[in-house]
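Report on one structure; see the data block that follows.
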Amino acid sequence: MKYTLHSASVLAFISLLLGTALAGEFSVEPWSSGILVDEPAVTSALIRSGEELDEAKEALGITGPLPGADFGAYALLLIVPDEGTGGIIEIAGVTPATGGALEVRYRVRSEGPRPEGPIKASYPYLIVKLGPAPGADVPVRLIDEDYVNTLSSGTGLGQFREYTNVLFTAENISIREYLPIDKGNTWTYKSETSRGSSEVTNSVVSESDGWSVFDTFFGVPGVGMKIAPGGDILVSSKGGIKTFYNTDAVIEFPKEPYSTPAGVFDGVMVVTVPEGGDFWFRDVYAKGIGLVSHEQKSVKGRASYTLIGARVGGAGYPPTRDSRSTGKD
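Using this note's numbering, the first residue of the sequence shown is number 69, and each one after it goes up by one.
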């Protein structure tokens, strides 16, 4: 990996863009920056110790000295965009979010300096001081504002008949009742794949122009989801905007309750495609809760995700004993 740029001039330019962003008791200040020719072997991360900083420095390919860090006073937040776009990373703001999390918004300005020479991509990074250091139990979420701002309403494949979502054709249902994607809602699933068992959490961390933006959606960062007036479910990611389901999908409303570790749910909606092809899936949605089960089969094997916990509309699942007796969470 070749480290190509790390200079006071770049940091000064970022300082002009950044200033100091405040969110309650938190502030961010620029600490170090640079542009890499090769894709870095590290993703965005919160750095809390000298050992973690040494690991990040090695992964970034930095060979020169870095400023001193006082980890007793603050933590360091490393921001590495997903794509090699070049330019300068600008902090747009820091805001407290639902559940005690901290949201850090950033954007990449393309007019920033780029490495010299005939290269196809360049990877900027930015390290800022985040002070005081968030507690170990405080999640820090990064939101790419450039991505959010590109989510335009009324666009995407859902405008074309051959890609129109089939769910809205069911009578007397509102898709939003089965897919409550409001900011602050979060779902945790037990994942079973060929790689083994794990847990994955989907959280809606931002809303923009009718889009709900997830921190990660089953491991994919920065996915946006929107329910169009006609019932189409549109999904936007780095690959563009498309419908969540196509016309192969079949919708059913079984009368039997559906049981998961997060609870037993009545009034479920099941969306599936027939078995027999290269790809099969079955999604189960609970009214007022969201997706409670996903199973799929593909050339990569089978995978399943089962809801084990959620917080939707301020209510927790599974409900506690007290909430069951009082009707409150």
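Glycine residues also receive a C-beta, built at the ideal position from the N, C-alpha and C atoms.
Close beta carbons around residue i, own chain, < 7 Å, minus the five adjacent residues each side
i: Pro135; result: Trp99, Ser100
Option nearest residue i by Cα separation, candidates the options
i: Val332; options: Ala354, Leu170, Asn314, Phe286; result: Ala354
i: Gly377; options: Ala127, Ser280, Glu267; result: Glu267
i: Glu171; options: Asp316, Ile243, Val281; result: Val281
i: Lys310; options: Ser276, Trp348, Leu194, Met293; result: Met293
i: Asp316; options: Ser327, Pro325, Arg350, Gly252; result: Arg350
Beta-carbon contacts of residue i that lie in its chain and below 6 Å, excluding the five residues immediately before and after
i: Ala143; result: Leu114, Arg116, Leu198, Ala201
i: Asp283; result: Arg209, Ser271, Val273
i: Ala371; result: Thr261, Gln364
i: Ser361; result: Val352, Thr374
i: Arg379; result: Thr254
i: Gly335; result: Lys355
i: Pro329; result: Ile376
i: Ser305; result: Val291
Same chain, Cβ closer than 8 Å to residue i, five either side skipped, listed in chain order
i: Ala127; result: Pro108, Ala109, Val110
i: Pro386; result: Pro329, Ala330, Gly331, Gly377
i: Glu343; result: Lys365
Helix, strand or coil at residue i [DSSP, three-state]
i: Ala127; result: helix
i: Gly222; result: Caution applies to Gly222, whose pLDDT of 35 falls short of 50 and renders its modelled position unreliable; the value that the coordinates give is listed next. If DSSP states are grouped into helix, strand and coil, Gly222 belongs with coil.
i: Ile249; result: coil
i: Leu121; result: helix
i: Arg244; result: helix
i: Thr388; result: coil
i: Asp42; result: Residue 42 lies beyond the residue range present for the chain, which begins at 69 and ends at 397; the question has no answer from this structure.
i: Ala113; result: strand
i: Phe282; result: strand
Bridge-paired residues (DSSP) for residue i
i: Glu107; result: Answer by DSSP bridge pairing: none, since Glu107 is not bridged.
i: Pro202; result: According to DSSP, Pro202 bridges with nothing at all.
i: Leu134; result: Looking at the DSSP assignment, Leu134 forms no beta bridge with any residue, so it has no partner.
i: Val148; result: Bridge partners of Val148: none, in fact.
i: Pro98; result: Val196
i: Gly155; result: None; Gly155 has no bridge partner.
i: Gly264; result: Thr261
i: Ala143; result: Leu198
i: Val291; result: In DSSP, Val291 forms no bridge with anything.
Where in the region 302–385 do unbroken runs of the alpha helix (DSSP H), each at least 4 residues long, occur, reported from the N-terminal end onward? none
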